[in-house]
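Working notes for the structure below.
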Amino acid sequence: MNYKALAERLLPGEYPSLESYEEKYPPRSLPKGAEVTRLAPSPTGFIHLGNLFAAIANERIAHQSGGILYLRIEDTDLKRKVDGAVEAVKNALRYFDIKFDEGAEIGGDETYAPWYQRQRAEIYRAFVKHLIEEGRAYPCFCTEEELSALREEQTAKKEITGYYGKYAKCRNLSEEEIYKNLDEGKPFVIRLKSMGSPENKHKFHDEIKGDITVPENDQDVVILKSDGIPTYHFAHAIDDHFMRTTLVIRGEEWLASLPIHIELFETLGFERPRYGHNCSLMKQDGESRRKLSKRKDPELSLEFYRKEGYFARAVKVYMLTLLNSNFEEWYRKNPEAPLENFKFSAGKMSKSGTLFDLDKLNDISKNELALLSAEEMFDFLKTWADEYGTDAQEGYFADRDKMLKVLTLCMGIGGKKRRKDFTTASQAMEFIKFFFERPETYEEFRAELYDRASVMDHFLESYRYEDDAQAWFEKIKQVAAKNGYAAEMKDYKANPEAYKGSVADVAEILRIATTGRANTPDLWTIMQILGETEVRERIATLMWQFSQEWYREIEPSAEGMARELYRESLGLPPKGENK
RNA sequence: GGCCUUGUGGUCAAGCGGUUAAGACGGCGCCCUCUCACGGCGCAAUCCCGGGUUCGAUUCCCGGCAAGGUCACCA
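For the first sequence, my numbering begins at 183 and goes up steadily by one.
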């Protein structure tokens, strides 16, 4: 068989010499030990937690070694392409502070460009042509129907499926048959002529899994599709060689095709990069666990975290704790140090599938947010609200001073202990809502707090905005005593039967009346921020409602009196209907 | 089904032949307290199973079992 002539017929024309590519994409001049890693998504536009997981590992390994992280777009399959996908990937990763040194739409050193595989067609073909000339690749004319028939046959016989050995029909086509097919214009793919046998097993060192055994490949895999574009496997070998990748961290799902890649690198005569196959993120689903799925699990999408307003650093910290088991301990000891100072190591990555734990993420988020200053929190929330918040929420930020006071209080800044009430921006906005909008609904009063109107009335009577926290609380105590509640907690605990309740209950009535909620940060400060008029109006409004109800039930004729009471408490003149 | 990988509390996990088998999240209880949050203290809960090797196995070996991955002109 004249392979040279065949190669020319299959891929006609002059191609640059193989050596010229070596010169064009020379080995990188980097310090010893520097790792070149990459992220190589296909442009589907959907970027998920698994991508981020691998991205962080690749980024850390590259940058802590003084190496390079680049972005390559694996667009060999047109069906997967979605417009704007590359932008989406870049944006998502920027949010989580993953910085590329070079790559598609990144700029940087152009030596190893282009980074879109479709733009690299010539290189792939040059090498495919070479393999044909060497007799290490051949054209295959089998149709999809033939291939699936073969698969069925193999399955029925309980043999291994695929294109190999005696099943590789086109491998042994005669020269005449090949040219006849070609003359008839039959479409063809180029397959690798595999020399391996799965009976032979080799030890292989995986940077994450450790020593594993890998069988030899015997599949005559497709390397060039009928459209002249290579398959993933072939493009991987060529690109990672010429982009001078030193370490490939990729998902565990690639482990099964490692034998193919090993053979490809061998037959091309390339030194292969080191590999680390990381486990995938799992989710508990009833009895069993499964990979996080795009359809069923919104928390897989990176977009989910941005919409909810997760703090990017918190997500990163959580990823790091999953990625490297010793990270959590390090972080505990070095809470102040930049994350980059942590010595990341592929060897510490988990070997088995990790269940994604939203509780843990939420815990980390609370802690991370509690580290922010009021100004930082202001910026974080505002950025979120501008993009995802309602109009009303955007409005909260108009009064910067008030917002800073609110945040200072709600985050417990200045106090002995920081508060940790929320995990995301959307929760935080919900939490501070009552400062900016009057409550629409009120948390239910416990049944025993039946005389709340009277408590409110007494409170408004004695309330002075100028009072400091202590004086204010003294007055609450007086209100308590006046209404039959224990002014001192100790008294109440010692003898609960003697009272209707304690100051705590009185405070609860006032808390619900002003905020709508039974649980809030310090009430006195809240009242200070709201301002006197607002406090009085809120409490009086509710008080009036209660009085009305009460009068309606007990003494319908006295309803008018309730209104007067209300007006009086606001300091308004009696009579007159308009506010 | 073949091949590959993995198996320590509910979850993430330390551990490398002898330990009361760390820690964190979650759960539960108590304390602090005007509520909540924070914080403090405490409790429950784990070495997949069966054989070896050994004075001794969670740890080493073999065999099961279970889980995950993969078997395309998708990546």
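Beta carbons: idealized from backbone N, C-alpha and C, even for Gly.
Just so it is clear, the structure is predicted and the values come from calculations on it, not from any experiment.
What residue does the alpha helix (DSSP H) around His459 start on, and which one ends it?
-> His459 -> not in any alpha helix (DSSP H); beta strand (DSSP E) instead, spanning Arg456 to Asn460.
Just reading off the alpha helix (DSSP H) that Pro441 is part of, what are its end residues?
-> Leu440 to Leu450
My guess is that Arg600 and Ala552 are in contact by the Cβ rule of under 8 Å, so how many angstroms apart are they, rounded?
-> 4 Å
Of the listed residues Val264, Leu212 and Gly249, nearest to Pro223 (C-alpha basis) = Val264
Is the Cβ-Cβ distance between Tyr197 and Ala308 less than 7 Å?
-> yes
What residues are listed by DSSP as bridge partners for Leu537?
-> Met464
Member of Gly491, Glu490, Asn516 and Leu521 whose CA lies at the smallest distance from the CA of Met501 | Leu521
Should Glu241 be labelled buried (16 or more other beta-carbon atoms within 10 Å of its own) or exposed?
-> buried
Ignore the nearest five residues each way along the sequence and tell me which others in Ala610's own chain have a CB closer than 7 Å to its CB.
-> Leu563 and Phe604
Below 7 Å between beta carbons: does that hold for Lys776 and Leu193?
-> Outside the displayed span of the chain (183 to 761) sits residue 776, for which this structure offers no information.
Mapping DSSP to helix, strand and coil, what is Lys761?
-> Interpretation of Lys761 is limited by its pLDDT of 33, a score under 50 that renders its predicted location unreliable; the figure taken from the coordinates is listed afterwards. In this structure, Lys761 counts as coil in the three-state DSSP scheme.
Alpha-carbon spacing of Leu152 relative to Ile708, whole angstroms = With the chain running from 183 to 761 in the structure shown, residue 152 is simply not present.
Identity of the residues DSSP links to Phe386 by a beta bridge | Ile394
Between Val218 and Arg426, which are expected to be in contact by the criterion C-beta below 8 Å, what is the C-beta distance as a whole number of angstroms?
-> 6 Å
Please classify Gly529: is it buried, with 16 or more other beta-carbons within 10 angstroms of its beta-carbon, or exposed?
-> exposed
Three-state secondary structure (DSSP) of Ile431 = strand
Within the stretch 695-719, ranges of the alpha helix (DSSP H) (whole runs, at least 4 residues) | 705-712
Which value, in whole angstroms, describes the spacing of the CA atoms of Ile444 and Pro296?
-> 24 Å
Regarding Asp388 and the ligand GTP, is the C-beta to nearest heavy atom distance less than 6 Å?
-> This structure simply doesn't include the ligand GTP, nor any ligand for that matter.
Comparing alpha-carbon positions, which option in Ala303, Ala237, Tyr294 and Asp257 lies nearest Lys281?
-> Ala237
In the DSSP assignment, find the alpha helix (DSSP H) that holds Val497 and state where it starts and stops.
-> Ala494 to Leu505
Do the CB positions of Pro213 and Gly266 come within less than 7 Å of each other?
-> no
Is Tyr513 near Val497, with beta carbons less than 7 Å apart?
-> no
Please look up how many angstroms separate the CB atoms of Phe560 and Met585, rounded, as I've assumed it's under 8 Å.
-> 6 Å
One or two residues paired with Ile250 in a DSSP bridge = Val218
N-terminal and C-terminal residue of the alpha helix (DSSP H) that Ser470 is part of | Segment Ser470 to Lys473 is the beta strand (DSSP E) holding Ser470; no alpha helix (DSSP H) there.
Beta strand (DSSP E) segment containing Tyr320, residue limits | Ala319 to Cys322
Measure the alpha-carbon distance for Lys602 versus Lys548 and round it to whole angstroms.
-> 5 Å
By a C-beta neighbour count over all protein chains shown, 10 Å radius and 16 as the cutoff for buried, is Ala220 buried or exposed?
-> It is Arg, not Ala, that sits at residue 220 in the sequence shown. So Arg220 ends up on the buried side.
Could you pull out every residue in the same chain whose Cβ sits closer than 8 Å to the Cβ of Phe579, ignoring the five residues on either side in sequence?
-> Phe560, Leu563, Lys564, Ala567 and Met585
Between Asp283 and the rest of its own chain, which residues show a CB-CB distance below 7 Å, the 5 nearest in sequence each way excluded?
-> Ile250, Leu251, Tyr252 and Gly290
Could you please give the first and the last residue of the uninterrupted beta strand (DSSP E) stretch that includes Val661?
-> Looking at the DSSP string, Val661 is not in any beta strand (DSSP E); the run it does join, the alpha helix (DSSP H), is Ala651 to Lys664.
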